[in-house]
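These notes are about the structure you will find just below.
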Amino acid sequence: ESRVELIDGVIYDMASPSSVHQLMSGFIYTKLMEMIAARRGTCLPMISPIDVQLDCDDKTMVQPDVMIVCDRTKIINRCVYGAPDFIIEVLSKATGRKDAVVKLHKYMNAGVREYWIIDPCKEVLITYYFEDENFLPCVYPLTGSVPVAITGGELQIDLETVAESIRELGLLGAE
902 ESRVELIDGV
912 IYDMASPSSV
922 HQLMSGFIYT
932 KLMEMIAARR
942 GTCLPMISPI
952 DVQLDCDDKT
962 MVQPDVMIVC
972 DRTKIINRCV
982 YGAPDFIIEV
992 LSKATGRKDA
1002 VVKLHKYMNA
1012 GVREYWIIDP
1022 CKEVLITYYF
1032 EDENFLPCVY
1042 PLTGSVPVAI
1052 TGGELQIDLE
1062 TVAESIRELG
1072 LLGAE
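Convert by adding 901 to the 1-based position in the sequence shown; the result is the number in the working numbering.
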């Protein structure tokens, strides 16, 4: 009855997401879906809640906020079975440390190709492109567009539009 994630056999409680969290995730998912559909891409964007059996074992089951899965055989009826290609987590006070530290390492080691962390309080995006040898993060303000590296920059997320929509509600930075 409660929302949890399982990472390497450890259970983590998941609080209900805030309005900012849901709005950001929803806006980004919608933009990804529109862009991929317009290009008739084979990859599929997905949004939480959906289980991801990351290591294809019974020790890790996570629910990323937004993801892209390019290998459609990983999408089975009950979950995504294996690492998605691209994951976005929107930080909250309840999940920030887990998303920025525990999941960062887990996603990198599981084969996720690209990982984005959005911090609505600090109004920044931190990106990791794990196919690059140095694994160093890039930090962007929530302005302008940021390319999705796994697409060679073909897809870009307009963070400014996302942030402005939430800012108009007086919610950005208020997490």
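For each residue, glycine too, the CB sits at the ideal point set by N, CA and C.
Computed from a predicted structure; not experimentally measured.
Length of the line joining the Cα atoms of residue i and residue j
i, j, result
"Arg1014", "Val991", "18 Å"
"Ala1050", "Gly910", "31 Å"
"Asp1000", "His922", "13 Å"
"Asp986", "Leu1070", "32 Å"
"Tyr1030", "Ile912", "27 Å"
"Lys1004", "Ile908", "8 Å"
"Ala916", "Glu1065", "25 Å"
"Leu1026", "Ile977", "30 Å"
"Ser944", "Arg973", "With the sequence shown as reference, residue 944 is identified as Cys, and Ser is not the correct amino acid for it. In a straight line, the C-alpha of Cys944 is about 7 Å away from that of Arg973."
"Glu1061", "Asp956", "34 Å"
"Arg979", "Asp952", "8 Å"
"Glu1034", "Pro918", "34 Å"
"Thr1052", "Cys971", "11 Å"
"Tyr1078", "Thr1028", "This structure cannot settle anything about residue 1078, because the visible part of the chain is limited to 902 through 1076."
"Ile1067", "Lys994", "18 Å"
Residue i in three-state terms, based on DSSP
i, result
"Phe987", "strand"
"Glu935", "helix"
"Gln923", "helix"
"Glu1069", "coil"
"Ile977", "coil"
"Val1002", "helix"
Cβ-based burial, residue i [other Cβ within 10 Å; buried from 16]
i, result
"Asp958", "exposed"
"Glu935", "exposed"
"Gly1012", "exposed"
"Pro1048", "exposed"
"Ala984", "buried"
"Asp1020", "buried"
Counterpart residues of residue i in DSSP-defined beta bridges
i, result
"Gln954", "Tyr982"
"Cys1039", "Thr1028"
"Val911", "Ile908"
"Asp1059", "Ser1046"
"Leu992", "Note: Leu992 sits in no beta bridge, so no partner."
"Asp1020", "Val1025"
"Val963", "Val953"
Proximity test, residue i beta-carbon vs the ligand NAP heavy atom, cut-off 7 Å
i, result
"Ala1064", "This structure lacks the ligand NAP; in fact it carries no ligand of any kind."
Legend entry - Segment contact, 8 Å Cβ cut-off, at least three pairs: the stretch 967 to 984 with the stretch 922 to 937: yes
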